[in-house]
Structure formats: structure tokens, C-alpha cells
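Right, one structure below, let's go through it.
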Amino acid sequence: LGELHRRGQLRSLALMKLAQLPRRTASRLPRAAASLARRALSTQPASDDVEESVHDMLRQTCRDFVEAQVKPVAGELDQTHRYPAELVAQMADLGLMGVMVPEEQGGTGMDCLAYAIAMEEISAGCASCGVIMSVNNSLYCDPVMRYGTADQQEKWLKPYASGQKLGCFGLSEPGNGSDAAAASTTATLDGDEWVLEGTKAWITNAHDADAAIVIATTDKSLKHKGLSAFLVEAGTPGFSLGKKEDKLGIRASSTGNLIFEGCRIPKDSMLGPPGAGFKVAMSTLDGGRIGIAAQALGIARAALETATHYAQTRKTFDAPIAKHQAVQFLLADMAVRYEAAMLLTHRAANLKDAKAPYTKEAAMAKLAASEAATANAHACIQVLGGMGYVTEMPAERYYRDARITEIYEGTSEIQRLVIAGQLLKEMPA
Numbered sequence: 034l035g036e037l038h039r040r041g042q043l044r045s046l047a048l049m050k051l052a053q054l055p056r057r058t059a060s061r062l063p064r065a066a067a068s069l070a071r072r073a074l075s076t077q078p079a080s081d082d083v084e085e086s087v088h089d090m091l092r093q094t095c096r097d098f099v100e101a102q103v104k105p106v107a108g109e110l111d112q113t114h115r116y117p118a119e120l121v122a123q124m125a126d127l128g129l130m131g132v133m134v135p136e137e138q139g140g141t142g143m144d145c146l147a148y149a150i151a152m153e154e155i156s157a158g159c160a161s162c163g164v165i166m167s168v169n170n171s172l173y174c175d176p177v178m179r180y181g182t183a184d185q186q187e188k189w190l191k192p193y194a195s196g197q198k199l200g201c202f203g204l205s206e207p208g209n210g211s212d213a214a215a216a217s218t219t220a221t222l223d224g225d226e227w228v229l230e231g232t233k234a235w236i237t238n239a240h241d242a243d244a245a246i247v248i249a250t251t252d253k254s255l256k257h258k259g260l261s262a263f264l265v266e267a268g269t270p271g272f273s274l275g276k277k278e279d280k281l282g283i284r285a286s287s288t289g290n291l292i293f294e295g296c297r298i299p300k301d302s303m304l305g306p307p308g309a310g311f312k313v314a315m316s317t318l319d320g321g322r323i324g325i326a327a328q329a330l331g332i333a334r335a336a337l338e339t340a341t342h343y344a345q346t347r348k349t350f351d352a353p354i355a356k357h358q359a360v361q362f363l364l365a366d367m368a369v370r371y372e373a374a375m376l377l378t379h380r381a382a383n384l385k386d387a388k389a390p391y392t393k394e395a396a397m398a399k400l401a402a403s404e405a406a407t408a409n410a411h412a413c414i415q416v417l418g419g420m421g422y423v424t425e426m427p428a429e430r431y432y433r434d435a436r437i438t439e440i441y442e443g444t445s446e447i448q449r450l451v452i453a454g455q456l457l458k459e460m461p462a
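First residue of the sequence shown: 34, per the numbering used here; consecutive thereafter.
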């Protein structure tokens with residue numbers, strides 16, 4: 034390696050090795066690609082070619098996995114509401130459950146753009162698998178990585194980033210959703226323990242998670258500055274689950290209430306300093322919106338691909354319906370929506386990777402991508418006609434799955450408020 038470096042050839046070696054990696058490898062390919070890239074980039078100036086090749090290899094690996102393993106069972110998972118344990122285990126083997134977490138902490142050590150690419154590919158095959166992956170990456174691993182102590186990261190991050198365990202995030206409550214500062218769940222210090230009381234609602238992964246990050250009020254007089262974040266292990270006495278919700282879409286993922294009734298957890302279970310809960314929650318949601326934008330991108334693209342393929346094979350009046358101008362207009366609009374949302378999502382991811390402010394851009398990406406997913410799914414059904422309305426084709430599943438992307442991790446209305454608020458700060462009168 035030293036000789037190659039002296040000759041200025043290490044970057045070419047990395048590219049060559051990436052090209053030689055088998056596409057259908059059983060496990061750890063993204064981790065291998067990331068290691069090659071880091072080796073090249075640590076000894077030479079950053080190379081766009083290397084980074085692009087890593088991202089391309091990751092995309093192809095995820096796409097091959099989706100085609101071979103995910104798509105064949107996605108419809109059955111949706112219809113039976115079955116948690117895709119086997120697929121989640123395979124996603125963990127591929128390094129997809131902790132994409133942005135460093136290798137030494139159990140993750141894959143790739144960047145946010147890689148995460149967005151992987152999320153899109155997985156979600157194009159099964160949006161339920163996508164949201165399971167998104168919550169573990171964005172809403173659980175990311176805040177533990179950023180706010181956890183070394184001891185907390187050893188226990189609460191490594192096994193989750195590796196995919197051995199699964200996490201969830203408890204912010205919303207039965208009485209508040211968008212008003213995150215109005216948390217009625219409380220945490221009271223009693224000796225060396227915190228006592229949690231309250232209920233968290235609409236929690237993705239609730240019935241399958243091994244631990245939860247819970248935002249609770251520790252000082253009501255301070256309002257949003259009196260919120261703190263806690264790490265709570267599933268099975269802790271006083272911590273129970275509500276019923277599994279019967280949902281319109283993303284039905285292979287579990288959603289339910291986290292119920293705390295005199296739940297005692299150790300004093301060192303607080304994530305971040307006292308009163309930092311609101312900051313933890315808001316910064317986590319910023320990153321989470323990139324994940325949900327990427328999930329929505331996957332749905333939008335899947336709808337576009339399904340409609341385009343069908344339009345070229347379905348014939349009316351002795352010609353494929355793709356020859357009809359009305360259908361072409363639908364396909365064109367679908368493509369524009371997808372491409373525009375994809376660029377916004379990748380821009381937000383690149384800003385996060387550059388450690389630049391990205392709150393506005395993440396909100397823009399989530400808004401554009403979620404509305405593109407809904408519109409594209411609607412158009413896909415229109416192109417397919419009656420075939421779009423039956424479970425024999427995936428179009429109706431796209432339609433049901435897309436709708437939630439405009440609601441969770443901040444509704445479209447909240448995204449518009451965030452965008453406008455940032456604009457007014459950037460453009461004062």
C-alpha cells in the first residue's frame with residue numbers, strides 16, 4: 034500500500050477492488066466498500082470517483098437484495114401484517130441497520146448520502162422494511178451516537194447499530210403530536226432511579242424493539258427546557274405496550290403505545306444532560322426527515338417504474354398505452370416529481386455530511402418527497418386502471434404506504450412551518 038501510495042495509485046486500486054466485489058455477496062458488502070473508501074481517502078485527498086463508486090456499489094447491492102429477497106415477499110408481509118424478521122436480519126448482515134455509525138461502534142461507517150441511497154432502495158421494495166430501518170438508524174442510533182456517553186454507547190449503541198437489537202423513539206403522545214414541547218410523560222428522580230409515568234403513542238417498532246429513547250418532562254416549570262431524554266430497555270417492570278395498531282399502510286412494521294406506570298430506570302439512563310430532551314428530539318427529527326424523504330423516494334420511484342413498465346406492455350386500440358399522450362403526461366409528471374425530490378434529499382444529506390445547517394433542506398426534502406410519493410402512487414393506479422386497484426399488483430400498496438410519509442416525523446404542514454421559519458431568519462426585513 035505504501036508503494037502504491039507513493040506512485041499515486043491507491044485511488045485506482047480502491048476503484049478496481051470495488052469493481053471486483055461480487056454484487057450478490059451474502060453479507061457485509063457495504064461495510065467492505067466503506068472500508069476501502071476510507072483507506073483510500075485517509076491516505077490521499079478526497080476523491081469524488083471513489084465516493085461515487087462506493088455509493089454506486091451500495092445502491093446496486095441494495096437493489097440486488099431487494100429484487101432477490103424483498104420484492105417476492107413484500108405483498109405477503111403487507112397482507113399478513115407480519116414483521117419481516119428474516120429480512121431485517123439480512124439487512125443487518127449487509128450493514129444497513131447502522132449505516133452512519135462508525136465501525137468501532139458497531140456500524141458501517143458510511144455517510145448520510147449512503148444512508149439515503151440505501152433507504153430509497155430498500156423502500157422501493159418494501160416501505161415497511163424501509164421504516165424499520167429508518168427508525169433504527171435515524172431515530173435511535175443517531176441520537177445515542179451523538180449524545181450518549183462512552184458507557185451508554187457500549188450498551189445502547191453497538192448491538193443496535195450492528196442489527197443484533199432494534200430500537201425505537203418515543204416522542205408523540207395521545208394528547209400531542211406536532212406540539213412536541215407539551216409532553217405529559219414525566220420522569221421524577223427518586224434516589225438513584227428515575228420513575229417514568231405516561232404514555233407515548235404511534236411508536237414505530239414498538240412491539241419489536243429491544244429499547245426505546247423516551248422524551249419526558251423532568252421540570253414542568255421550564256416548559257420545553259424541562260424535557261429530558263432517557264434510554265429504557267424493553268421488559269423493564271412498569272413498561273408495557275398497547276395494542277398493535279391496524280394501519281392503512283406500512284403494515285409489516287409494528288406501531289403502538291409505550292406505557293409507563295411507575296417504571297424505574299437507573300439514574301445514568303438519561304441521554305444527554307438534564308433539560309436537553311427538546312434539543313435531542315428536534316435534532317433527531319432533522320436527520321430522521323432525510324430518512325423518511327428517502328423512504329418516500331423509494332415509493333415514488335417504485336410507482337414510476339411500475340407504471341412505466343405496465344404502460345409499455347398493456348395495449349389498447351392496437352398500441353401500447355404508453356403511446357397515448359394522456360399516459361405520457363402522467364409518466365412525465367411522475368418522473369419530474371421523483372427527480373426533484375431526489376435532488377432535494379441528496380442535497381440535505383450532503384449538507385449533513387458537511388456538518389452544515391440542514392434543518393430547512395431536510396424539511397424541504399421530506400415535504401417534496403412525501404408529496405411526490407402520494408402523487409406518484411395515485412398516478413400509478415390511474416395508469417394501471419383496474420389492475421392498480423387490486424392486490425395482484427403493488428400499486429395499491431404504494432398508495433397506502435405513501436400516505437403516512439406526509440404525516441410521521443412532522444406533517445407536511447409542520448414542514449412548511451419549519452421552511453418558512455428558516456426563510457424568515459435568512460431573509461430579515
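Beta carbons are placed, not taken as given, at the ideal position from N, Cα and C, and that holds for glycine. Quick caveat, the model's predicted, so the values are computed rather than measured.
- [ ] Look at the alpha carbon of residue 175 and the alpha carbon of residue 260, and state the distance between them as a whole number of angstroms.
- [x] 19 Å
(request) Decide if the region 249 to 260 is in contact with the region 308 to 317; the criterion is three or more beta carbon pairs, one per stretch, under 8 Å apart. (result) yes
Under 8 Å Cβ to Cβ from residue 274, same chain only, skipping five residues before and after it: list those, please.
239, 240, 289, 290, 291, 292
Query raised in the report: Going straight from the alpha carbon of residue 237 to that of residue 294, what length do you get?
Result: 20 Å
Verify whether the separation of the beta carbon atoms of residue 325 and residue 167 is less than 8 Å.
yes
Do you know whose CA, among 414, 425, 283, 96, lies nearest residue 117's CA?
283
Check: How about the region 428 to 443 and the region 317 to 336: do they share at least three Cβ pairs that are nearer than 8 Å?
Finding: A contact between stretches requires three or more CB pairs, one per stretch, nearer than 8 Å, and the region 428 to 443 meets this requirement with the region 317 to 336.
In three-state DSSP terms, what is residue 419?
helix
ask   = In angstroms, rounded to a whole number, what distance separates the CA positions of residue 78 and residue 89?
value = Note on residue 78: pLDDT 48, under 50, position unreliable in the model; the coordinate value appears next. If I take the Cα positions, the gap works out to 20 Å.
Item to complete: Could you spell out the range, first to last residue, of the beta strand (DSSP E) harbouring residue 265?
Response: 260 to 266
Rounded to whole angstroms, what's the CA-CA distance from residue 396 to residue 222? Just pull it up for me.
36 Å
Next on the checklist: In the DSSP output, what is residue 249 paired with across the bridge?
Outcome noted: 261
- Can you grab the Cα-Cα spacing for the pair residue 156 / residue 253, in whole Å? Their backbone Cα atoms lie some 39 Å apart in a straight line.
| query | At a cut of 8 Å, does the region 423 to 433 reach the region 313 to 321 through at least three beta carbon pairs? | reply | no
Candidates 235, 211, 389, of which the one nearest residue 450 by Cα: The residue with the shortest Cα to Cα distance from residue 450 is 211.
Q. Taking C-beta to C-beta, are residue 138 and residue 185 nearer than 8 Å?
A. no
Next item on the list: Might you give, ordered along the chain, the residues of its own chain that have their beta carbon closer than 7 Å to the beta carbon of residue 56, omitting 5 neighbours on each side?
Entry: At residue 56, the pLDDT of 39 sits below 50, so the modelled position is not reliable; the number obtained from the coordinates is stated separately. Only 93, 94, 97 meet the Cβ criterion.
- Task: Taking all protein chains shown into account, decide if residue 245 is buried (16 or more other Cβ within 10 angstroms of its Cβ) or exposed.
- Result: buried
Opposing strand residues paired with residue 223 [DSSP bridges] = 226
- Query: Helix, strand or coil: which one does DSSP assign to residue 298?
  - Reply: strand
Judging by CA-CA distance, which residue of 229, 194, 287, 219 is the nearest neighbour of residue 113? 287
Review point. When the Cα atoms are used, what is the spatial distance from residue 401 to residue 226?
Key: 44 Å
Return the CA-CA distance between residue 204 and residue 121, expressed in angstroms with no decimal places. 24 Å
* Would residue 197 be called buried (16 or more neighbouring beta carbons within 10 Å of its own) or exposed? -> exposed
Item checked: Member of 248, 84, 224 whose CA lies at the smallest distance from the CA of residue 146 -> 84
With 16 as the cutoff for other CB atoms within 10 Å, does residue 272 come out buried or exposed? buried
- Message: Once DSSP output is grouped into helix, strand and coil, what is the label at residue 273?
- Response: The answer is strand: DSSP assigns residue 273 an E or B state.
> Mind pulling the beta strand (DSSP E) runs of 3 or more residues that sit fully within the region 70 to 141?
Replying inline: Runs of the beta strand (DSSP E) spanning 3 or more residues and lying entirely within the region 70 to 141 do not occur at all.
Item to complete: Alpha carbon to alpha carbon, how far is residue 301 from residue 105? Give it in angstroms, no decimals.
Response: 44 Å
Is the separation between the beta-carbon of residue 465 and that of residue 218 shorter than 8 Å? The question about residue 465 has no answer, for the chain in this structure spans 34 to 462.
Per-residue DSSP class, three states only, for residue 159 | coil
Less than 8 Å separating the beta-carbons of residue 329 and residue 417?
no
Item to complete: Return the bridge partner residues of residue 289 from the DSSP annotation.
Response: 236
Exercise for review: Mind checking which residues open and close the beta strand (DSSP E) that includes residue 321?
Suggested key: Residue 321 -> not in any beta strand (DSSP E); alpha helix (DSSP H) instead, spanning 310 to 346.
* **Exposure label - residue 361; buried when at least 16 CB within 10 Å** => exposed
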